[in-house]
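S.K.: Please see the structure below; I have some questions.
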Amino acid sequence: MDLKKFRITAARKQKSLAAFLTKLDDIVPDDMPELVAKVDATVWKDVNCMECANCCKTMTPTFTKADVKRISAHLDMKPKEFMDKWLVKEEGSGDWINTTQPCQFLAGNICSIYEVRPADCAEFPHHNKKPFDLYNDTFTNNLIHCPATLTLVDRLKKVVEKEYVW
Ligand code: SF4
Ligand code: SF4
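Residue numbering for the sequence shown follows the working numbering, starting at 3 and increasing by one per position.
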């Protein structure tokens, strides 16, 4: 994965893809879930997370209480010790997030706590959330972070604009 090339492409397409997602808020094709699933399957043939890890490098997951309990136990730490060492409360949302990026658990392109990673990481990039259009703000934000999301939205835009009354 050439992340430099990804960043250039994302910067070039961000505005039009964000506008597409905004419009999608109002005009959702009836068969949206099937369409997203079909296009998403094509994305994962071309994008390999093991060659990317850009989410772990540039974003932070949110840590729920259950995440903190599970991960700290895995690391043989007390939850408070874990939180004091690595987390900070995000202003506004009150979510617990990483203090720094890249994530402290990233080793090369591999998650060193993969089997106990936060639920937010396990669900990322959230392409199978339903209904898809309810998460447009998330996808808009992730266009510049995640090559898979950029590819999905780009391909969806092409299909929707060609095959639907738009
Ligand atoms: S916990 Fe693992 S999957 Fe989640 S951001 Fe950190 S390295 Fe990535
Ligand atoms: S989810 Fe997106 S940003 Fe994260 S590793 Fe996979 S392609 Fe890269």
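Ideal Cβ positions, reconstructed from N, Cα and C, are used throughout, including at glycine. Note that this is a predicted model, so its numbers are computed, not measured.
Name the DSSP bridge partner or partners of Ala-109?
M.R.: Ile-112
S.K.: So is Arg-14 buried or exposed if we call it buried at 16+ other beta carbons inside 10 Å?
M.R.: So Arg-14 counts as exposed.
S.K.: Quick check on Thr-62: buried or exposed, where buried means 16 or more other Cβ atoms within 10 Å of its Cβ?
M.R.: buried
S.K.: Pull up the CB-CB distance for Pro-120 and Phe-65, whole angstroms please, since I reckon it's below 8 Å.
M.R.: 5 Å
S.K.: Just checking my contact of Pro-35 with Val-162 at CB under 8 Å: how many whole Å lie between their CB atoms?
M.R.: Between Pro-35 and Val-162 the beta-carbon gap is near 14 Å, outside 8 Å, which marks them as no contact.
S.K.: Would you check whether ligand 2 has a heavy atom nearer than 7 Å to the C-beta of Phe-126?
M.R.: yes
S.K.: To the nearest angstrom, how far is it from the Cα of Thr-44 to the Cα of His-128?
M.R.: 16 Å
S.K.: Could you tell me which residues DSSP puts in a beta bridge with Asn-1?
M.R.: Residue 1 lies beyond the stretch modelled for the chain, which goes from 3 to 168, so this question has no answer here.
S.K.: Out of Arg-72, Tyr-137, Trp-46, Val-41, state which residue places its alpha-carbon closest to the alpha-carbon of Tyr-116.
M.R.: Arg-72
S.K.: Does ligand 2 have a heavy atom nearer than 7 Å to the CB of Val-49?
M.R.: yes
S.K.: Less than 8 Å between the beta carbons of Pro-104 and Met-3, yes or no?
M.R.: no
S.K.: I'd like the span of the alpha helix (DSSP H) that includes Ala-121, first residue to last.
M.R.: 121-125
S.K.: Pick from Glu-53, Asp-27, Asp-97: whose alpha carbon is nearest that of Ala-109?
M.R.: Distances from the alpha-carbon of Ala-109 to those of Glu-53, Asp-27, Asp-97 put Glu-53 closest.
S.K.: Where does the unbroken alpha helix (DSSP H) through Asn-138 begin, and where does it stop?
M.R.: 138-144
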